[in-house]
Each structure stands twice: as C-alpha cells, then as structure tokens.
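Under the numbering used here, the letters of the sequence shown match residues -16 to 354, in that order. Written below as structure tokens is the structure these notes are about.
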Amino acid sequence: MGQKAGLVLALVLGVVLHGCGGTQRDTPPISIGSPYFLFVSNSTAGTISGFAFNPDGSLQPVPGSPFASQGADPSALADIGGGLLFYVANRGSASISGYNFGRFTGVVTPVVGSPFGAPVGVKSLVWMPGRLYAAAESGFVAGYTTQSSGALTPLPGSPWPAGVRPEAITIAFGRFLYVANGGSNNISAYAIDSATGALTPLAGSPFSAGTSPVTIRADSGGTFLYVANAGSNDITGFAINTTSGVLIPVPGSPFLAGQGPGSMTMQDQFFYVTNSGSNDITVFSPNSATGALTRVSTIATGAGTQPVAIRAGPWRSVAPAGPMVYVANAQSANISAFVLDRNTGALTAIPSSPFSTGAGPKGMITATGPQ
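What follows is the structure, encoded as structure tokens:
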C-alpha cells in the first residue's frame, strides 16, 4: 500500500488500512497543524462527530460534523491508524459501517457497499491486518476480510459462539482473540488461524473474570490482559502465555477501581480507567514484570458526567505542557481534554475543555492519514 504508519497510540488495537473516499478537496481547516483526528460515535443522536487536534491539544470540529450514522445506536469504533478509514458497530441495526475520511479535512464519507451485515447486538470491534472481528450481545463473534476499498467480506465459518452477552473484544500478538462476556462473567479465548482467520477455542476457555466484564484490552507489549468489571467495580489482570494464549491471573488481581469501571487506556507509564458510576478516573501504575496494578490516584472528570471512553492523544498533538488524554462523557455529551503530568500521572483539564459532541457519546478513536 506504500503508506507509512503515521501514529503511535498507547494500547490502541488497530493499525494500517488504506481507504480513500469522497471528492472533497483535502485542504487543512484553520488552525490544524497536522492531519490527526478524533472520531466519536453518538449513540443517542445517531451521528458521528469528527474533530481535529489543535497544537494546544484542544479540539476543533471538522467541516460537516456531526455526520449521520448509517445505523441505529452507533457504538464501538475500530481505529485504523495510518490509514484513511474506520469502522463503527451499529448495535441497534445489526450492521457495521465503514467510513473514509479526508486526509487533511477529516470529512467523513461511507465506504461503497456500507453498511455490512453483522450479528444482532454487535457492540465491539477489533482490527488486525486484513481482518476485522466483531463481538455481539447475541452470543457470537463474527469475522471479516477487509478489502482494499474498505468493504467487508464474512470469513468462512463466521460467526463463532462466545459466552453470554459478549461486551468487548481484543487481540494479542496477532494470534489470540479474547472476548469479555458480560452475562457469564468470563473471557472466551480463541486461536486465530493465520491462513483463514477462523477461530478455535483455547484450552481452558472460558476464563473467569469479575462481575459484568464490559471492556477488555491487552497492554502495549501484549504480555498482559486487563478486564474492567462494571458489576464488581474492579479490574481483573491476566498474564498471557505467549505460546498457548492461556490466561493466568496476575498477583493481587482483581484491583479495586471506582464505581462502574469501563474504558481503559495507557499513556506513558500510567494506566487509566473511566468510572461511569462515580464520574471519575482511576489512575494505576502497572508493574511491567508482573502486570500488577498499583492504584495511584482518583481524578474527577470535572465538567463531564458519566465518562464512558478514554483515549491517549496522538504523539504529535502534544500540548506545550505535556501529552494529552481525552475522555468522552455520555450524560453531559462532551469530551474532556486533559494534560498528563508524566511524573505523577495527574490529569489537568485544559482551559477550553470540555468540547461538545452529539447526545450519548459512546465510542471514541484517534486516527490519522498516511504521513
């Protein structure tokens, strides 16, 4: 594809895919110094909000934002860093939409043939080179081949059964896939066939989690897996066997979070978890050797209520004071922007924060065009 990966994100689960859409002229909007964008799915409004990063870390709506969603209850987004395309799970209409965005404008246009069919209650997406996987609340994992145009073609044998009410999905090492099952309080684990993309359950699967696991993610090295349990207000940590993919609880797990923990991200040496029930963010310091989490502090979301998604800012959009962290707040329909203190992990809201979204923001990604 001849594209250079243009963005390194902390613990982001998607990387490169090319897509080019729309006929708009790629002219940088005012104040945008580099083509980095943030996209948010607004589940209640049925729209997608697009923002450009200003040099100071503030957000500027891209032309035409918000964009109409192709399906009901747009939820999770799959980020394709370094490409010009992303996917959205339409939970209310059993479909997945693909969207191109302008390299410098961020203007969103649907992929030809979009939306694509998915299992009922599709809620979470994860991308790997050439493939997209989706977890659905109806109890399945669906797999797709991603075409160069962005179109999706179902993989042979898809969908595969998971546990009760799958909520979230992630991939480690490009060989193992994990699903958090909110209704059965466990993790389904699979081996990914490198040739076909087919999924085969791992020995010992499913693995026990806390009550109502809602999000799941591997650390940046793929060594550890973390699960946010909204019902038991804690984080379950696992070490991943690099050969078999089997999950082994890390020492001290589970780790206490706030009320209703959900989205997780890492920036520098700190691990952040949003707590939608207590309207705050728990900050942990992870042990790189054991995977154990040490609680550092709790940070209020300030002007935002019911935080549901958190993302580290792109590395080239570092504000003068330091790297950025962004939080989507469902009830207040906005995004809080924070500068991170690299020594303490503390988050300080920038003066122009928060930034308005559509009603019910739910999923959030950062994305970039080829550099």
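A virtual CB, placed ideally from N, CA and C, is assigned to each residue, including glycine.
Could you check what DSSP says for residue i in three-state terms: helix, strand or coil?
i, result
"arginine 325", "coil"
"proline 49", "coil"
"arginine 74", "coil"
"glycine 126", "strand"
"alanine 163", "strand"
"leucine 276", "strand"
"asparagine 312", "strand"
"isoleucine 154", "strand"
"phenylalanine 253", "strand"
"leucine 239", "strand"
"serine 215", "coil"
"phenylalanine 87", "coil"
"proline 189", "coil"
"asparagine 372", "Not covered by the structure: residue 372. The range shown for the chain is -16 to 354."
"leucine 42", "strand"
"arginine 148", "coil"
"proline 139", "coil"
"aspartate 62", "strand"
"serine 335", "coil"
"aspartate 202", "coil"
"proline 290", "strand"
"proline 12", "Confidence is the limiting factor: at proline 12 the pLDDT is only 34, short of 50, which leaves the residue's position unreliable, though a coordinate-based value still follows. If DSSP states are grouped into helix, strand and coil, proline 12 belongs with coil."
"asparagine 317", "strand"
If residue i sits next to residue j, beta carbons under 8 Å apart, how far is it from one beta carbon to the other, in whole angstroms?
i, j, result
"glycine 355", "glutamate 150", "The first residue shown for the chain is -16 and the last is 354, placing residue 355 beyond what the model contains."
"isoleucine 175", "phenylalanine 159", "7 Å"
"phenylalanine 321", "leucine 330", "4 Å"
"glutamine 250", "alanine 295", "4 Å"
"serine 97", "serine 80", "5 Å"
"glycine 328", "valine 279", "5 Å"
"leucine 21", "threonine 349", "5 Å"
Determine the direct distance from the alpha carbon of residue j to that of residue i, and round the result to whole angstroms.
i, j, result
"glycine 308", "serine 268", "Note that residue 308 is valine in the sequence shown, not glycine. Each residue's alpha carbon lies about 16 Å from the other."
"proline 49", "leucine 42", "14 Å"
"asparagine 168", "isoleucine 218", "13 Å"
"serine 315", "threonine 179", "43 Å"
"alanine 292", "valine 109", "16 Å"
"glycine 113", "proline 18", "24 Å"
"serine 336", "alanine 313", "15 Å"
"glycine 363", "alanine 311", "Only positions -16 to 354 of the chain appear in the structure, and residue 363 is not among them; the question remains open."
"tyrosine 116", "serine 215", "27 Å"
"glycine 241", "valine 23", "24 Å"
"proline 344", "glycine 274", "31 Å"
"leucine 60", "isoleucine 154", "15 Å"
"phenylalanine 99", "isoleucine 333", "39 Å"
"valine 94", "leucine 68", "8 Å"
"isoleucine 231", "proline 44", "43 Å"
"asparagine 326", "threonine 277", "15 Å"
"isoleucine 13", "leucine 239", "Residue placement at isoleucine 13 cannot be trusted, given a pLDDT of 33 that sits under 50; the coordinates are not used to answer."
"serine 236", "aspartate 62", "29 Å"
"lysine 106", "serine 271", "30 Å"
"tyrosine 70", "glycine 346", "11 Å"
"valine 147", "glutamate 120", "7 Å"
"serine 132", "threonine 281", "43 Å"
"glutamine 53", "proline 189", "34 Å"
"isoleucine 318", "threonine 257", "13 Å"
"proline 38", "proline 297", "11 Å"
"valine 266", "glycine 47", "35 Å"
"valine 103", "serine 78", "8 Å"
"aspartate 9", "phenylalanine 84", "Per-residue confidence for aspartate 9 stands at a pLDDT of 29, beneath the threshold of 50, marking its modelled position as unreliable; the derived number appears in the next sentence. Going from the Cα of aspartate 9 to the Cα of phenylalanine 84 covers about 10 Å."
"glycine 16", "glycine 187", "Low confidence applies here, because glycine 16 scores a pLDDT of 45, under 50, leaving its location unreliable; read the following figure in that light. Rounded to whole angstroms, glycine 16 to glycine 187 spans 50 Å at the Cα level."
"glycine 205", "serine 259", "26 Å"
"glycine 157", "isoleucine 223", "13 Å"
"isoleucine 264", "proline 137", "38 Å"
"phenylalanine 221", "tyrosine 173", "15 Å"
"glutamine 252", "methionine 111", "25 Å"
"phenylalanine 254", "glycine 66", "26 Å"
"alanine 51", "tyrosine 82", "11 Å"
Can you name, in chain order, every residue of its own chain whose Cβ lies under 7 Å from the Cβ of residue i, other than the five neighbours on each side?
i, result
"alanine 192", "Ala163, Asn168, Asn169, Ile170, Val210, Asn212, Thr219"
"alanine 145", "Ala118, Gly122, Phe123, Val124, Val162, Asn164, Ser171"
"aspartate 56", "Ser26, Asn73, Arg74, Gly75"
"threonine 355", "The first residue shown for the chain is -16 and the last is 354, placing residue 355 beyond what the model contains."
Should residue i be listed as close to the ligand COA, given that the test is whether its C-beta is under 7 Å from any heavy atom?
i, result
"leucine 323", "The ligand COA is absent from the structure shown, which contains no ligand whatsoever."
Spatial neighbours of residue i within its chain, please: CB distance less than 8 Å, with the 5 preceding and 5 following residues excluded, ordered by chain position.
i, result
"asparagine 262", "Ala283, Thr284, Gly287, Thr288, Gln289, Pro290"
"aspartate 324", "Gly305, Leu330, Thr331"
"isoleucine 152", "Ser107, Leu108, Val109, Tyr116, Ala117, Ala118, Val124, Leu160, Tyr161, Val162, Ala163, Ile199"
"alanine 365", "This structure gives no information on residue 365, because the portion of the chain shown stretches from -16 to 354."
By Cβ distance, which residues of its chain are closer than 6 Å to residue i, with the 5 residues on each side in sequence left out?
i, result
"proline 234", "Thr273, Ala275"
> Any contact of the segment 241 to 260 with the segment 224 to 231, i.e. 3+ C-beta pairs under 8 Å?
Replying inline: no
> At a cut of 8 Å, does the segment 197 to 217 reach the segment 132 to 143 through at least three beta carbon pairs?
Replying inline: no
> Is the segment 197 to 217 in contact with the segment 178 to 188, if contact means three or more CB pairs nearer than 8 Å?
Replying inline: no
> Should the segment 27 to 35 be regarded as contacting the segment 85 to 102, the criterion being three or more beta carbon pairs within less than 8 Å?
Replying inline: yes
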